[in-house]
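Quick note, in our numbering, the sequence shown goes up one by one and the last residue is 95.
Every residue, glycine too, gets a C-beta built ideally from N, C-alpha and C.
Please read all numbers here as calculations on a predicted model, not as lab measurements.
First comes the structure, then the notes that go with it.
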Amino acid sequence: MNDSLDREGKKIAMLAKLGRKTKIGMDYIPKEKAYSRIPGHARGNLDDILDEMHKDGLIEYHKGKNCISINPNSISEVVDLIEDEVPSYVINMLN
1 MNDSLDREGK
11 KIAMLAKLGR
21 KTKIGMDYIP
31 KEKAYSRIPG
41 HARGNLDDIL
51 DEMHKDGLIE
61 YHKGKNCISI
71 NPNSISEVVD
81 LIEDEVPSYV
91 INMLN
């Protein structure tokens, strides 16, 4: 993982974390857990990126925006974004 992640790289890193743990729909994790793949000095305002992903339909919020999961209706879009970041068995679990 590159330390100087751009906005798209941060988005992919968080989606890859959700994908590895197969957090889809009502199976969710605290958003801080999704941040763990991004180095502390490169984080910036990740809440804006989460809001953008929510507007794009890639993620769902739970428990008043404290937890997140992959939107079950956008799994194919998420797979397209993270297929280079995660091993093939993760992609198979998501499909």
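Kindly list the residues whose CB is nearer than 8 Å to the CB of Ile49, restricted to its own chain and excluding five residues on each side of it in sequence; keep chain order.
-> As a working note, residue 49 is residue 49 in the sequence shown. Hits under 8 Å: Arg7, Lys10, Lys11, Met14.
For Gly25, which option in Leu58, Tyr35, Tyr89, Arg37 has the closest C-alpha, if you only look at C-alpha atoms?
-> Within the sequence shown, numbered from 1, the residue matching residue 25 stands at position 25. The shortest C-alpha separation from Gly25 is found at Leu58.
Identify, in the order they occur along the chain, each residue of the same chain with its Cβ nearer than 7 Å to the Cβ of Asp3, setting aside the five sequence neighbours on each side.
-> By one-based count along the sequence shown, residue 3 stands at place 3. Low local confidence applies: a pLDDT of 47 at Asp3 is under 50, so the model's placement there is unreliable, with the coordinate-based value given in what follows. Leaving aside the five residues that flank Asp3 on each side, the residues in its chain whose CB is nearer than 7 Å to its CB run, in chain order, Pro39, Ala42.
Near Pro30, what residues of its chain come up, given a Cβ to Cβ distance below 7 Å and the 5 sequence neighbours on each side ignored?
-> Position 30 of the sequence shown, counted from the first residue, corresponds to residue 30. Its chain contains Asn66, Cys67 as the residues whose beta carbon lies nearer than 7 Å to that of Pro30, once the 5 sequence neighbours on both sides are disregarded; these appear in chain order.
Do Leu81 and Thr22 have their CB atoms nearer than 8 Å?
-> Position 81 of the sequence shown, counted from the first residue, corresponds to residue 81. Position 22 of the sequence shown, counted from the first residue, corresponds to residue 22. The answer is no: Cβ separation not under 8 Å.
Taking Arg20 and Val78 to be in contact with their CB atoms under 8 Å, please state how far apart those CB atoms are, rounded to whole angstroms.
-> The sequence position of residue 20 within the sequence shown is 20, counting from 1. The sequence position of residue 78 within the sequence shown is 78, counting from 1. Rounded, the Cβ-Cβ distance is 12 Å, inconsistent with contact.
If you compare alpha carbons, which of Lys55, Glu32, Asp56 is closest to Leu46?
-> Counting from one through the sequence shown, the residue named residue 46 turns up at place 46. Relative to the Cα of Leu46, the nearest Cα in the group Lys55, Glu32, Asp56 belongs to Glu32.
Put Met1 into one of helix, strand or coil per three-state DSSP.
-> In the sequence shown, counting from the first residue as 1, residue 1 sits at position 1. Here the model assigns Met1 a pLDDT of 47, short of 50, so the residue's position is not dependable and the matter cannot be decided.
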